[in-house]
Ligand code: BGC
């Protein structure tokens, strides 16, 4: 892999790792995710491409909690190219040299090139480039350049092809030949430059695809022949080239669906086909949109390592998946990059991904939490069917908020998601002060989730405490436990948040709050009860050791020899033990109490954090991609610089190096957000602390300087940290004066950049 500031590229063609690299080179615009598949595949399994659309799922195969599951649906291959050179099929891999695939993260484009040699020894240089329009979201661009190195006859078809199936490559095993999945289209309507398909889903969703293409040889137009079949349509270009001649085909594709907000998709497609579009003009607008996205999102690390580009890659994919255009879809655990988890949304979003947007583009967080508000009724139904009250946000949901975990596979226990969503609502409000969001959506979410906890907690006469029994905490290897500290702590804060919000907003927004209380049947007594329960929820703790206990029985279990249980990189449950054996042992699948300390950095002392880290870290298998980043953050905060850097590396390069051998099934978005947090909260030590910005940096030895931007309390700050100083520059002023706390000193940030020399006050 080659890295430079804005480039990630690979010049080794490895057939076995092709599908996994396809995932790695995904581009997207929040509407579509497009894997880095080869355009010219026609006959192999890879010909299925790999394009996913936010919120579009076909009928799945197993029983979920409200009918059948959904299956993230592979879209028609809008980039299909059939290329013949001297009558021979160019497949892009069997007879190539000088292969290279490149992600340009600044322009958000993906390109691939190689030299192809025919059986007669004639050579052509082939290059593809594509982008998923960020300026005008449904517009996608493709450019194909073929340069003749010897005289050749060429035939190139640029098609839209609905003859695809799902990739079905969601295996944890090493890459292997896979059987194709399902084709989800029940009806097709194919015209010369457009096609529409009807999806096999309960809504009979209609998807539309249209293209405008042009072809030129050395700048002179090439005549087009129309192609149309039952499944596909497009344009065919035939030409004879002399050595040095260049054929350029440019295509702009328009994608729309009957699910789009406020758009008549069929009309929009007709408008596109009769309009004036061109690859160059669309690409220019797209690049400008990305420049502005990078303005606050970019982090620059001055280092001799590849960390600068690797971190940028993590951020790049977060920007690609971000649905800025709507509040009707959530960000799935694997985004729009693969079929694992069927595009479903988990706690990954609120706890790992949203903090990145919180500090770089808070509007996105508002939209994502509004998405959760839109699914509040589904959460109410879920609570009711499980005999609870309020709203029980399901563990793994589709875009309608319906539980997609197969029935009887743990969704009943995995309830920390409820408090995780409430946590994100409170964090959003704290950092942005968006009262309007709170009165319209946030307060209702907090009230109904608090009600759920009220009905889910059990009071014990024996100790006068509330217990939360039969739960699955972040450590899923517990199967289920009583009183998972993470769950209980988060639930207590969820319950407490209601009074805080009502006390705060009743004065400023009395009418809205009264209306809300009427709507919810809320009472002051119930709010007080929430607080009483919160104060009495048990948080398992060993006073003598000063140690937060993961749950009621963790420390009483057998210890596990992790070297024996996990001899290779494979997960324990994929290599040495069945799932049901694990509750016998003290083994933590992924950061649990470690994560709790990261989420509430000011609630625990340094000693408590150290105790947690030193106790649980050796017992943690890291059998989830959600584990490395919290370990990087906490180890950094307790001064373990080497450990912190080691965990950062594991997190930042997780998909680049396919560390868990499952990148093939999609990229890991929680981990991307976690990598960002490891830098922001961990190494840079930045947090918002009750109205002040706290900065406690501890840069890795291999880094000289970090420069980043962030939104804080309505201001936009540029923060530069090196080994000896912190510089804070207010680029945009918020409504209130901004205080920055560095090494115990409070500084007011005004118009001039603030420079603080580190070590001076210590
Ligand atoms: C993790 C969960 C996570 C899910 C989706 C699982 O392996 O244990 O915490 O939410 O993957 O990423």
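Numbering (my numbering), first residue to last: 155 to 916.
Virtual Cβ for every residue (Gly too), placed ideally from N, Cα, C.
Cβ neighbours of residue i in the same chain (closer than 7 Å, five flanking residues each side left out)
i: residue 645; result: 573, 607, 622 and 691
i: residue 306; result: 239, 240, 276, 278 and 395
i: residue 683; result: 608
i: residue 581; result: 512
i: residue 911; result: 878 and 879
i: residue 592; result: 583, 655 and 659
i: residue 393; result: 308, 371, 376 and 401
Beta-carbon gap between residue i and residue j smaller than 8 Å
i: residue 808; j: residue 489; result: no
i: residue 981; j: residue 795; result: For residue 981 there is no data in the structure shown, the boundaries of the chain being 155 and 916.
i: residue 918; j: residue 468; result: The displayed coordinates of the chain run from 155 to 916. Any statement about residue 918 would go beyond what the structure contains.
i: residue 741; j: residue 770; result: no
i: residue 884; j: residue 871; result: yes
i: residue 321; j: residue 204; result: yes
i: residue 362; j: residue 419; result: yes
i: residue 694; j: residue 637; result: yes
i: residue 886; j: residue 869; result: yes
i: residue 273; j: residue 242; result: yes
i: residue 843; j: residue 858; result: no
i: residue 178; j: residue 190; result: yes
i: residue 378; j: residue 389; result: yes
i: residue 158; j: residue 318; result: no
i: residue 561; j: residue 625; result: no
i: residue 209; j: residue 413; result: yes
i: residue 919; j: residue 195; result: Here the chain comprises residues numbered 155 to 916, so residue 919 is not present and cannot be evaluated.
i: residue 366; j: residue 427; result: yes
Chain-order list of residues whose beta-carbon lies under 8 Å from that of residue i (same chain, five-residue window excluded)
i: residue 476; result: 184, 485, 511, 515 and 518
i: residue 161; result: 256, 257, 258, 259 and 463
i: residue 641; result: 569, 570, 573, 622, 625 and 627
Residues near residue i in its chain [Cβ-Cβ closer than 6 Å; skip 5 each side]
i: residue 354; result: 212, 213, 338 and 340
i: residue 751; result: 758, 763, 766 and 788
i: residue 550; result: 498, 500, 558 and 559
i: residue 556; result: 220 and 532
i: residue 575; result: 504, 526 and 547
i: residue 150; result: Given that the chain is displayed from residue 155 to residue 916, the structure contains no residue 150 and the question cannot be resolved.
i: residue 571; result: 501, 547 and 549
i: residue 828; result: 506, 783 and 805
i: residue 326; result: Bear in mind that a pLDDT of 41 at residue 326, under 50, signals an unreliable position, so the number given afterwards is only what the model happens to contain. For residue 326, where only same-chain residues beyond five positions count, the Cβ hits under 6 Å are 728 and 816.
i: residue 302; result: 278, 395, 397 and 399
i: residue 913; result: none
Among the options, nearest to residue i - alpha-carbon criterion
i: residue 496; options: 203, 666, 215 and 659; result: 215
i: residue 878; options: 909, 848, 870 and 900; result: 909
i: residue 753; options: 372, 566, 831 and 777; result: 831
i: residue 493; options: 196, 503 and 226; result: 226
i: residue 399; options: 679, 370 and 906; result: 370
i: residue 553; options: 525, 829 and 537; result: 525
i: residue 193; options: 651, 903 and 310; result: 310
i: residue 349; options: 323, 368, 375 and 383; result: 383
i: residue 121; options: 522, 506, 521 and 569; result: The requested residue 121 is not part of the displayed model; the chain covers only 155 to 916.
i: residue 402; options: 542, 372 and 424; result: 372
i: residue 165; options: 206, 269 and 714; result: 269
i: residue 775; options: 357, 743 and 756; result: 743
i: residue 181; options: 834, 334 and 471; result: 471
i: residue 424; options: 346, 543 and 391; result: 346
i: residue 707; options: 697, 680, 733 and 737; result: 737
i: residue 229; options: 342, 523 and 898; result: 342
i: residue 730; options: 777, 676 and 913; result: 777
i: residue 172; options: 392, 889, 906 and 810; result: 810
i: residue 281; options: 654, 904, 300 and 812; result: 300
i: residue 455; options: 882, 856, 907 and 898; result: 856
i: residue 450; options: 539, 861, 898 and 903; result: 861
i: residue 711; options: 631, 781, 698 and 267; result: 631
i: residue 734; options: 564, 826 and 893; result: 564
i: residue 664; options: 590, 616, 316 and 755; result: 590
- Item | Completely contained alpha helix (DSSP H) runs for the region 436-510, where each covers 4 or more residues | Runs found: 461-475.
- Message: Three or more C-beta pairs under 8 Å: does that hold for the region 282-297 against the region 400-408?
- Response: With a cut-off of 8 Å, the region 400-408 and the region 282-297 count as touching, because enough Cβ pairs lie within range.
- Message: So within the region 515-584, which uninterrupted beta strand (DSSP E) runs reach at least 3 residues, ignoring any that extend past its ends?
- Response: Listed in chain order, nothing qualifies, since the region 515-584 has no complete beta strand (DSSP E) run of 3 or more residues.
- What are the start and end residues of each continuous beta strand (DSSP E) run of 3 or more residues lying completely inside the region 166-247, in chain order? The region 166-247 contains these whole beta strand (DSSP E) runs: 186-188, 205-207, 211-217, 222-226 and 235-239.
- Could you give the uninterrupted runs of the beta strand (DSSP E) lying entirely in the region 339-398, keeping only those of 3 residues or more? Assignment of beta strand (DSSP E) within the region 339-398, counting only whole runs of 3 or more residues, yields 339-344, 348-353, 360-371, 379-382 and 386-395 in chain order.
- Of all the beta strand (DSSP E) runs that stay within the bounds of the region 864-892, which reach a length of 3 or more residues? Whole beta strand (DSSP E) segments, 3+ residues: 869-876 and 879-886.
- Message: So, does the region 702-721 touch the region 655-672, judging by three or more C-beta pairs under 8 Å?
- Response: Cβ pair count under 8 Å is below three, so no.
- Message: Could you tell me which whole beta strand (DSSP E) segments of length 3 or greater appear in the region 680-752?
- Response: Runs of the beta strand (DSSP E) lying entirely within the region 680-752, each at least 3 residues long, are absent.
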